[in-house]
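Note that our numbering has the sequence shown beginning at 5, numbered continuously upward. Glycine included, every Cβ here is placed at the ideal spot set by N, Cα and C. To start, the structure under review is shown below, and the notes come after it.
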Amino acid sequence: MLRPSQEAGDNHEQVAADLDRRLGRLPTLEARLHVVAQLAPGPIAFSTSLGLEDQAILHAIAAEGAKVDVFTLDTGRHFPETIDTLARTEQRYGLRIRVVTPEAADVESLVARDGIMGFRLSIEARKACCEVRKVRPLRRALAGAGSWITGLRRDQSAGRSHIRFAAVDCEHRVVKISPLADWSLNRLEAFIAANEVPINPLYAQGFPSIGCQPCTRATSPGEDVRAGRWWWETQDGKECGLHANPRRPVRGTAA
Ligand code: SF4
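Here you go:
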């Protein structure tokens, strides 16, 4: 006899496989969000970094009137332009984006140990900072959610080239949905322009991927899109931990 956690995990696997098939056949982002709103296990959460991808998705969510918990992680180290984009986005779409912050005690302990710029000391120190300022708050923000919408695209980096439209995320026990998985940057920019979606002004200043201010630099023409993120590290595996292990099964399930 299956335990409840196994049944929930198996159900998530089936729904993810079904969504993965369906989303790939739908031509527009709005149509994909419509199907997600109908079929994805609830509550449905959407984490926005205010990047191009997430702004396009939020536009489609607003257009569809989809019932989605929209939140963003305020690491405390964002560019002022990112915060301004958050405010302009709320105004444009007439909604409130839930702002999730790290635990103050965690940040105080981290900074006391490594220093205010300690993330430059080593990859371990950088990951510790991302853990406190991003990974733990994300875990808290997703608690109780059934699905998690993200703006991941396959051509953002080699490490994201196998992103599926929908897959079970064992770490957060949700169905992780990436409705832009197959979109090119050109298609995304065309959507943004056609719909006059508000974007971070830093894109026009040579920042194709925008994270925390001290960990993001502008890139030169021809550089990888994510070359400006943690630029002092090697190019391989430059992730903050938010999107680790997307294809592992939910704990307690078989596959
Ligand atoms: S991107 Fe940089 S400042 Fe932001 S959480 Fe990670 S290490 Fe810390």
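So residue i and residue j are in contact, right, with Cβ under 8 Å, and what is the actual spacing, rounded?
i	j	result
G28	D159	About 16 Å; that fails the 8 Å criterion.
T52	D78	Going by Cβ atoms, the distance from T52 to D78 rounds to 11 Å, so no, they are not a contact pair.
L37	E68	5 Å
I196	T89	Wrong, their Cβ atoms sit about 12 Å apart, outside the cutoff.
R81	P218	6 Å
T223	G215	Actually they are not in contact, since the Cβ atoms of T223 and G215 sit about 13 Å apart, beyond 8 Å.
A91	K71	Actually they are not in contact, since the Cβ atoms of A91 and K71 sit about 23 Å apart, beyond 8 Å.
With hydrogens ignored, establish whether the beta-carbon of residue i is closer than 7 Å to any heavy atom of the ligand SF4.
i	result
K71	no
G215	yes
F123	yes
R117	no
R140	no
P212	no
P225	no
P183	no
R130	yes
R137	yes
At a threshold of 7 Å, does residue i count as lining the ligand ATP (C-beta to nearest heavy atom)?
i	result
R81	Ligands displayed in this structure: the ligand SF4; the ligand ATP is not among them.
To which residues of the same chain is residue i closer than 6 Å at the C-beta, ignoring the five residues directly before and after it?
i	result
A66	Y97
A208	none
Can you find the residues in the same chain that come closer than 7 Å, C-beta to C-beta, to residue i, ignoring five residues on each side of it along the sequence?
i	result
L146	A49, W152, H176, V178
R230	Q160, S161, S213, K242
T86	L54, N204, I214
H16	P45, V172, V179, V254
R100	E94
Here's a check: name, in chain order, each residue in its chain whose Cβ is nearer than 8 Å to the Cβ of residue i, leaving out the five neighbours to either side.
i	result
D73	P47, I48, A49, F50, R102, A149
V39	L23, R26, L27, L30
- Would you say the segment 156–172 touches the segment 140–148, given that touching needs at least three Cβ pairs under 8 Å? no
- Message: List, from N- to C-terminal side, the beta strand (DSSP E) runs of 3 residues or more that fit wholly inside the segment 129–199.
- Response: 151–153, 170–173, 178–181
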